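In UniProt numbering, the protein residues as written are 1 to 304. Heads up: the structure comes next, in structure tokens.
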């Protein structure tokens, strides 16, 4: 969720920056992307879309970002694409395929929906319950988990931003599987997410009175992130990996914690896992591996 509990600073003076458009800027994902892009030294936001909020200034939707120099929101078909170099698409799954297919030329796109994360469109259709209308474009998509797939992301025309649960799960498990430190069998994942992960829509299940002072599981055995998780873990060892994955909803705005239970290989010890992950991520700005005795806490997560 995009909230006002983080500092917002003005962007540095403009030079020849890359001009980006944010599609679906009025949602939580769009808000967070806008907050980050607006202070990026090499980017400038030249267009923002929100179909139901077209014509409004951004602070009318997210007042805490009122100090940023941003364009008015427009409808997607009103965007001046000659003033855009790249696109961040924050629209819901199922709508992104058509929009991206209609963009001019080979304009680079980072898609934050689930539409291009799964390589097999048949798997997408099975889990998301809708036809995939851009299978040719899907073949060009590159999975955007930077710390795992950096080389393939560079120069890609279409980057499929990974899902929230898959990110928290693949970052530790992929390196451990690649290194043979854990068994690919009987992996159990107990994951918990804040409410903003469900989006900004008006849904009864996510009203305050429905989620406050309680914790519950959902999507048991059928959560849509399951095939994405298994796809990434299978790629790590070039063999099929299946997991037991149960997500839960926490009564908090934002945050995620995933606890994974694995079998250690041979004489491997827990300390070996920690040292392996420290070595793998020691130069990664957005990943921190805690020392022995430290525990994860969602309140301790923020911009590096």
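The beta carbon of each residue, even a glycine, is placed where N, CA and C say it ideally should be. Computed from a predicted structure; not experimentally measured.
Q: For my contact list, residue 19 and residue 85 are in at a C-beta cut-off of 8 angstroms; report their separation, rounded to the angstrom.
A: Here residue 19 refers to the residue found at position 19 when the chain shown is read from its first residue. Here residue 85 refers to the residue found at position 85 when the chain shown is read from its first residue. Yes, residue 19 and residue 85 are in contact; Cβ-Cβ is about 5 angstroms, under 8 angstroms.
Just the C-alpha distance for residue 209 and residue 270, rounded to the nearest angstrom, thanks.
On the chain shown, position 209 is the one that residue 209 refers to. On the chain shown, position 270 is the one that residue 270 refers to. Linking residue 209 to residue 270 through their CA atoms gives a straight-line distance of about 41 angstroms.
- Query: In terms of residue numbering, what span does the alpha helix (DSSP H) encompassing residue 235 cover?
  - Reply: Here the question's residue 235 lines up with position 235 in the chain shown. For residue 235, the enclosing alpha helix (DSSP H) has its first and last residue at 226–237.
Point to revise | Best match in 245, 51, 268 and 274 for proximity to residue 291 [C-alpha to C-alpha] | key: The residue you call residue 291 lines up with position 291 of the chain shown. Of the candidates 245, 51, 268 and 274, the one whose C-alpha sits nearest the C-alpha of residue 291 is 274.
Using a Cβ distance threshold of 8 angstroms, determine whether the stretch 203–219 contacts the stretch 256–268, with at least three qualifying pairs required.
The stretch 203–219 is not in contact with the stretch 256–268.
Please report the straight-line C-alpha distance between residue 317 and residue 31, rounded to a whole angstrom.
Given that the chain is displayed from residue 1 to residue 304, the structure contains no residue 317 and the question cannot be resolved.
Practice task
Could you tell me whether the stretch 154–167 touches the stretch 90–110, where touching means 3 or more Cβ pairs closer than 8 angstroms?
Solution key: With the cut-off at 8 angstroms, the stretch 154–167 and the stretch 90–110 touch.
Report all residues from its chain with a CB closer than 6 angstroms to the CB of residue 223; omit the five preceding and five following residues, and keep chain order.
Translated into the one-based positions of the chain shown, residue 223 becomes position 223. Non-local C-beta neighbours of residue 223 in its own chain, meaning closer than 6 angstroms and more than five positions away in sequence, comprise 247, ordered along the chain.
Which residue comes first and which comes last in the alpha helix (DSSP H) that contains residue 82? Residue 82 sits at position 82 when you count from the first residue of the chain shown. Here residue 82 belongs to no alpha helix (DSSP H), and DSSP marks it neither H nor E.
Quick check on the burial criterion: 16 or more other C-beta atoms within 10 angstroms. Buried or exposed for residue 166? For the purposes of this step, residue 166 is taken as the residue at position 166 of the chain shown. Counting Cβ neighbours within 10 Å, residue 166 comes out buried, since at least 16 surround it.
Whose C-beta lies closer than 7 angstroms to the C-beta of residue 114 among residues of the same chain, with five residues either side of it excluded? Sequence index remark: in the chain shown, residue 114 carries index 114 (1-based). Excluding five sequence positions before and after residue 114, the CB atoms of its chain that fall closer than 7 angstroms to its own CB belong to 93, 128, 163 and 224, given in chain order.
Checklist line | Spatial distance of residue 99 from residue 144 (CA atoms) | finding: Start at 1 with the first residue of the chain shown, and residue 99 comes out as number 99. Start at 1 with the first residue of the chain shown, and residue 144 comes out as number 144. Rounded to the nearest whole angstrom, the C-alpha separation of residue 99 and residue 144 is 19 angstroms.
- Task: Figure out for me which residue from 83, 155 and 27 has the closest Cα to the Cα of residue 61.
- Result: For the purposes of this step, residue 61 is taken as the residue at position 61 of the chain shown. Each of 83, 155 and 27 was checked against the Cα of residue 61, and the nearest Cα belongs to 27.
Identify every residue that forms a DSSP beta bridge with residue 189. In the chain shown, counting from the first residue as 1, residue 189 sits at position 189. Answer is 245 and 260, bridged to residue 189.
Q: Could you pull the start and end residues of the beta strand (DSSP E) that residue 44 belongs to?
A: Taking the first residue of the chain shown as 1, we reach residue 44 at position 44. It spans 43–49 - the beta strand (DSSP E) in which residue 44 sits, taken as one unbroken run.
**Study point:** Three or more C-beta pairs below 8 angstroms linking the stretch 180–198 and the stretch 242–257
**Key:** Taking a contact to require three or more Cβ pairs closer than 8 angstroms, the stretch 180–198 and the stretch 242–257 qualify as touching.
Quiz prompt | Cutoff 7 angstroms; reference residue 175; Cβ partners in own chain excluding five residues on either side | solution = Position 175 of the chain shown, counting from 1, holds the residue named residue 175. The beta carbon of residue 175 lies closer than 7 angstroms to those of 276, 277 and 280 in the same chain, with the five residues before and after it left out.
Would you mind reading off the limits of the alpha helix (DSSP H) that contains residue 146?
As a working mapping, residue 146 is identified with position 146 in the chain shown. 146–153 is the extent of the alpha helix (DSSP H) around residue 146.
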